[in-house]
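Below you'll find the structure, written out as structure tokens, and then a few comments.
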Amino acid sequence: MTRDPQSIITALLDLQAWQVFDIDPDGRILAGNDEPGSLQLVELAPDGSRTRLTDLPSRCSGRYLPGSSPRQVVVQHDTDGDERMQLSLLTIEPGRAPYPLAELTPLVRDPDYMHVLQDVTDTAVIYSTNRRNGVDMDVIVRDLADGSETILYDGGGYVATVVASHDQRSVAVSTLSRQPASTAVFLAGAVSGPVTDPDEHANHGHLAWAAGDDALIMSSNHDREFNAVVRVSLDGTAWQHLVAADDHDLLVDVSPDGTALAVGHLVDGAVTISVHDADGTHRAGVTTPEDGIPTIVWAPDSSAFAMQVSSPTDPGSIFRVDARTGATTLIIDGRDQLPDDPPLSTPSVHRVPTPDGEQVPCFVHRPPAGADPTLAGASVLHIHGGPESLAMRMFSPVIQALAAVGLTVLVPNVRGSDGYGKRWVSLDDVELRLDSVADLAALHAWLPELGLDQDRSALWGGSYGGYMVLAGVTMQPGLWAAGVDIVGISSLITFLENTSDYRRAYREREYGRLDTDREFLIKASPITYLDQLTNPLFIIHGANDPRVPLSEAEQIAAALDERGIRNELKVYADEGHGLAKRANRADAYPAAIAFLSELLAR
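In UniProt numbering, the protein residues as written are 1 to 602.
In structure tokens:
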């Protein structure tokens, strides 16, 4: 008997999402949970019991304030997805939670600018902000005793990460550099100066200070194809590989005392964890029920870490991991909330050949037995955002819902995706942009290998994935039956002209500059090819999107209206770059899936 599609979609969208943010000395985990409607702070006791801490109108995150009594949390929050983060202080008092915004103590608030929480110490909060000129990010240390602020870094650019040294006298700062898919690392404070070459095409992430503050430990592809775990002298002259692999990226989370490494092995969109000594010596592996994507936060005493794992069939379980043995204790079992029916899809992993000899990594989700027979043979390509990101083997209620109603879902990592080496992530830079769009055609040509109908395939994507949807349906109009565009770019020209000032410079390094690459930007813009568009489109956008302005959606919808092409535009007044609120997801995604199901049914 065919299941009711609406009930399937609703059940999957109702599943709760979890994140982990911090651990206190008593083993309590500061987590995020979206059951209230958007991501709110929840405290998990070691026995798994939970206390909701915040009742804010929009999503939030936070960190414990070390050594505070009564216990306090620094809360980072925005308004309706505008990404202008503000910082407030929450004091935990028995029996009073959850706390509304009005009961939080303002710490750093100016709604015209963003204030990103970077690190906390027992005496200060470290944050990055663009309030100096609206563009460049400075690094500020705010003294919690007297409220005084010190600028540690004002070297310009977009600050990605800031980490305080153990003696709290210096910080390591990573910024997006001039090269695509690259970062640069600087020191500021008592020790200052560049650690890496700002002109090098290399990515340096997961920064931490080594024990003794005489070096940094990070994940880097300096002079390599794949990221390794490295130890780097403070002047950048000595590089030591602690853990390395020749065929996949490594990630690292360093313990607070600098003596242990939680190393992530990223292979085809899934990460496995191993624990190592500070010199790279292997201690133990960490086993979870299914490979997925972990998020790690260390306990203050470095004896353990909390790990949230999202996998294709687990919305997010939380474990406590012993840092010496790798043994896991389950705190929250995300699978407990899964519906009995339909069964969730575990993807198979493939390589799809392209006409120019490349191989596109792709995950394939098949529909379960008993799905709608009218959708048999129909497919959807689900394209990730970024573009310097990747599709990961983690839980997606949308992908699972698409498969559950009867569609085969292909999830590709087209050229330009991260996680497959320095060469692959660079294959879509600037004038190579349309090569990644051509990968969509290669995926379409491959559909018969899966027994799928080439006439009944659609595109779905968000952010850069939304751009790819629009590029596919305009530049390859004979291939795709329909598209779902979520916060996507319709014109690279108007996108770069209208995006937030602080984002323009580092987006130009990827897409091209308005002053020097305008001709190519026009060529690579979907809106240039509107005369070829005949495909129905479903368009979703947040009114407060600071990255891809709402005008990108409005202009493509208006152009479709003028041409009499079927489309639906859903705009959410309380959202930004994507849908963060459960009510809006419950409104938009079932409608989009029904739209595709109607068009792809035989």
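Ideal placement from N, C-alpha and C gives every residue a C-beta, glycine not left out.
Bear in mind the structure is a predicted one, so any value in this text is a computation, not a measurement.
| request: Counting only the same chain and skipping the five closest in sequence on each side, list residues whose C-beta sits under 7 Å from that of Arg423. | output: Within the same chain, Arg423 has close Cβ partners Glu225.
| field | Supposed close pair Leu596, Val380 - CB separation, criterion 8 Å | value | 6 Å
| query | Taking contact to mean at least 3 C-beta pairs separated by less than 8 Å, is the region 409-429 in contact with the region 350-363? | reply | yes
| query | Exposed or buried, what is Asp439 when buried is set at 16 or more other beta-carbons lying within 10 Å of its beta-carbon? | reply | buried
| request: Evaluate Pro536 with the Cβ neighbour count: other Cβ atoms within 10 Å of its Cβ, from every protein chain shown; 16 or more gives buried, anything less gives exposed. | output: buried
| First and last residue of the uninterrupted beta strand (DSSP E) at Thr51 | 50-52
| field | Within-8 Å CB hit, Asp545 to chain D | value | This model lacks chain D altogether; it includes just one protein chain.
| query | DSSP three-state call for Met1: helix, strand or coil? | reply | Reliability of the predicted coordinates at Met1 is poor, the pLDDT of 38 falling under 50, and the value obtained from them is presented with this limitation in mind. Three-state DSSP puts Met1 in coil, outside helix and strand.
| message | Measuring alpha carbon to alpha carbon, tell me which residue in Asn221, Leu242, Asp223, Thr237 is nearest Arg231. | response | Cα-wise, what sits closest to Arg231 is Leu242.
| said: Taking its Cβ as the centre, do 16 or more other Cβ atoms sit within 10 Å of Asn544, making it buried, or is it exposed? | reply: buried
| Got a sec, what are the start and stop residues for the alpha helix (DSSP H) Thr494 sits in? | 492-498
| query | Going by DSSP, what residues sit across from Lys570 in a beta bridge? | reply | Ile540
| task | Would you identify the three-state DSSP class for Phe395, choosing helix, strand or coil? | result | Three-state DSSP puts Phe395 in coil, outside helix and strand.
| request: List the whole-angstrom C-beta distance separating Ala441 from Leu407, where the pair is believed to meet the contact cut-off of C-beta under 8 Å. | output: In this structure, Ala441 and Leu407 do not form a Cβ contact; the two beta carbons are roughly 20 Å apart against a cut-off of 8 Å.
| Phe363 - DSSP class collapsed to helix/strand/coil | strand
| task | Would you mind stating whether Phe21 and Val297 have Cβ atoms separated by less than 8 Å? | result | yes
| Could you give the residue range of the beta strand (DSSP E) that holds Ser255? | Here Ser255 belongs to no beta strand (DSSP E), and DSSP marks it neither H nor E.
| request: Could you check what DSSP says for Glu225 in three-state terms: helix, strand or coil? | output: Looking at Glu225 - three-state DSSP - the assignment turns out to be coil, as it is neither helix nor strand.
| Taking the alpha-carbon positions, what's the Asn221 to Gly269 distance? | 18 Å
| task | On a CA-only basis, which of Leu152, Pro106, Pro342, Asn584 is nearest Tyr572? Give me that one, please. | result | Asn584
| Where Arg507 falls, given that 16 or more other Cβ within 10 Å makes a residue buried | buried
| query | What residues match up with Asn33 in a beta bridge as DSSP calls it? | reply | Trp18, Gln40
| said: For Ala299, tell me which candidate among Phe395, Asp26, Asp340, Ile273 has the shortest Cα-Cα distance. | reply: Asp26
| field | Sub-8 Å separation of Leu261 and Val286 beta-carbons | value | no
| message | Which same chain residues end up closer than 7 Å to Leu550 when comparing Cβ atoms and leaving out the 5 residues on each side of it in sequence? | response | The answer, listed in chain order, is His541, Ala543, Val571.
| message | Within the continuous beta strand (DSSP E) that includes Gly285, where are the two ends? | response | 282-286
| task | Closer than 6 Å by C-beta to Arg602: which residues in its own chain qualify, once you throw out the five before and the five after it? Chain order, please. | result | Thr374
| field | First and last residue of the uninterrupted beta strand (DSSP E) at Arg351 | value | 348-353
| Smallest Cα separation from Gln240: which of Asp249, Pro256, Asp223? | For Gln240, the nearest C-alpha among the options comes from Asp223.
| Residue closest to Ala124, alpha-carbon to alpha-carbon, out of Ala102, Asp136, Gly147, Arg366 | The candidate whose alpha carbon is nearest that of Ala124 is Gly147.
| request: Answer yes or no: do Pro448 and Ser500 have a C-beta to C-beta separation smaller than 8 Å? | output: no
| Option nearest His365 by Cα separation, candidates Arg351, Asp372, Ser345, His384 | Ser345
| message | I'd like the span of the alpha helix (DSSP H) that includes Arg423, first residue to last. | response | 422-425
| query | Are the beta-carbon atoms belonging to Ile556 and Leu470 less than 8 Å from one another? | reply | yes
| Which partner residues does Gly205 have in the DSSP bridge list? | Ser219
| query | Between Leu600 and Ser128, what straight-line distance do the alpha-carbon atoms span, to the nearest angstrom? | reply | 47 Å
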